[in-house]
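Only one structure is covered here, and it is reproduced in the block below.
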Amino acid sequence: MTDTPHLGLPLIAANQSQKHVTHNQAVVLLDAVVQLSVKSAALTSAPPLPVEGDRYLVASGALGVWAGWDLNIALYSDGSWLKLVPRSGWICFDEATGAVLVKQAAGWTDIGTAGGYVTIGSVASGALPMLGIHTGADATNRLAIKSDAALFSHDDVTPGTGDMRLTVNKSAAARDAGFTFQDGYSSRALFGLLGDDNFTIKVSADGSSFRTAITIDKSTGRVLLNAHARFSAWCNFGQNYAAGAWQPLFANNTRHNDQAAFASVANVGVFTAPTAGTYMFGLGATFESPGTIPSKMQIGLSVNNAAPTSDTVTSTGDATLTSGKTSCATTACLKLAAGDTVRGAIFFTTNAGRVLADENYFWGAQVP
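Structure follows, in structure tokens:
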């Protein structure tokens, strides 16, 4: 009597009135499929020197004696190859790769990396290739989770330090290390080290065109609000203004005009608030005599074409105006609604006045 090569099951010796044949065939099959382990799952043709009991999971495209055996088990027994047809749910260990496979309707699946299963073999090295929780992971999204929430807590078991840190690392400054927030799998916001080593927040309305909202400089820590409107304007020619009423102050040139919120309309500088918020403005002008001398010069900020309110107005007072020397300046912090407009305005008392070319300004910026 001898034993089977894998499980050591006893075989009945010959000369038992042929009873041993049926019994031994059944035992050999049990030995082949119980605790199924194959030499390889990558071969398409039989190896040249098989050993009694060798088993292979035949790869697709089988040739030679294995032709037509794709995805079946090839067993070498009594000097010849036998085909074993697996059933759904069979488990098979691939000795060549260490993978554990399960038979499904579509074929064999590595249950260490798919189907929501994790095997001891797949994590023994501490390097699980991919993991999906309630969803499938893939070569790009090697960790994929569908869940209402995810918790990362400090280690109070080993115990740990009490800290909890997440690290996102990139290979070079020009690459990205960041987080993406999506709506219906269309990106709406990004933050992280995006294309450089500054910390950046970007937003998008369509998932393809992104606007930079905030940049924090990696070296200085300075915060740049990229999307905030800001401008600096002036008028490059002298302009006369009538006395006795507020007149719109000219500004026909800009040094900068971020977000294009400023426009010169018929030479009048007009700022339109792109969003509701708080804005700082500055306004200044130098007097030039048009031939007569006014008794007073005032400048102020006009919101939505209304007369400037006192908190935005500055005056030369009772001092005598001197051409090319007397100037007036004001600043104001204004809370605006989206679409509100702001203009510079000037008021001369008694006589008309003139503003000197290039020695005037109108600037503004949205503040946090």
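Each residue of the sequence shown is one higher than the last, beginning at 1 in the numbering used here. The beta carbon of each residue, even a glycine, is placed where N, CA and C say it ideally should be. Every value quoted in this text rests on a predicted model; they were computed, and no experiment measured them.
| Check | Outcome |
| --- | --- |
| With distance defined between alpha-carbon atoms, name the residue in Asn72, Ser209, Arg230 nearest to Val270. | Arg230 |
| In chain order, what residues of the same chain have a beta carbon less than 8 Å from the beta carbon of His134, not counting five sequence neighbours either side? | Gly116, Ile145, Lys146, Ser147 |
| Can you have a look at Tyr185 and say buried or exposed, based on whether 16 or more other CB atoms are within 10 angstroms of its CB? | exposed |
| Are the segment 315–325 and the segment 189–200 in contact at 8 Å, needing three or more beta carbon pairs? | no |
| According to DSSP, what are the bridge partners of Arg343? | Val270, Ser302 |
| Within the chosen definition, does the segment 352–359 reach the segment 227–246 through at least 3 CB pairs nearer than 8 Å? | yes |
| Whose C-beta lies closer than 7 Å to the C-beta of Ala307 among residues of the same chain, with five residues either side of it excluded? | Trp246 |
| With DSSP as the reference, identify every bridge partner of Pro248, one or two as the case may be. | Ala345 |
| For Lys202 and Ala243, what's the separation of their Cα atoms in angstroms? | 49 Å |
| Quick check on Ser264: does DSSP put it in helix, strand or coil? | strand |
| Could you spell out the range, first to last residue, of the beta strand (DSSP E) harbouring Gln35? | No beta strand (DSSP E) holds Gln35; DSSP gives it neither H nor E. |
| Below 8 Å, can you find three or more Cβ-Cβ pairs linking the segment 292–304 to the segment 338–354? | yes |
| Spatial neighbours of Ala365 within its chain, please: C-beta separation below 6 Å, excluding the five flanking residues on both sides. | Arg230, Met280 |
| For Leu249, tell me which candidate among Asp206, Ser204, Asn305 has the shortest Cα-Cα distance. | Asn305 |
| For Leu166, which residues from the same chain have a beta carbon less than 8 Å from its beta carbon, with the 5 sequence-adjacent residues on both sides left out? | Phe152 |
| Would you list the residues sitting across from Ala329 in a DSSP beta bridge? | Gly284 |
| Would you list the one or two residues that DSSP bridges to Thr212? | Lys202 |
| Assign Trp90 to one of three DSSP states: helix, strand, or coil. | coil |
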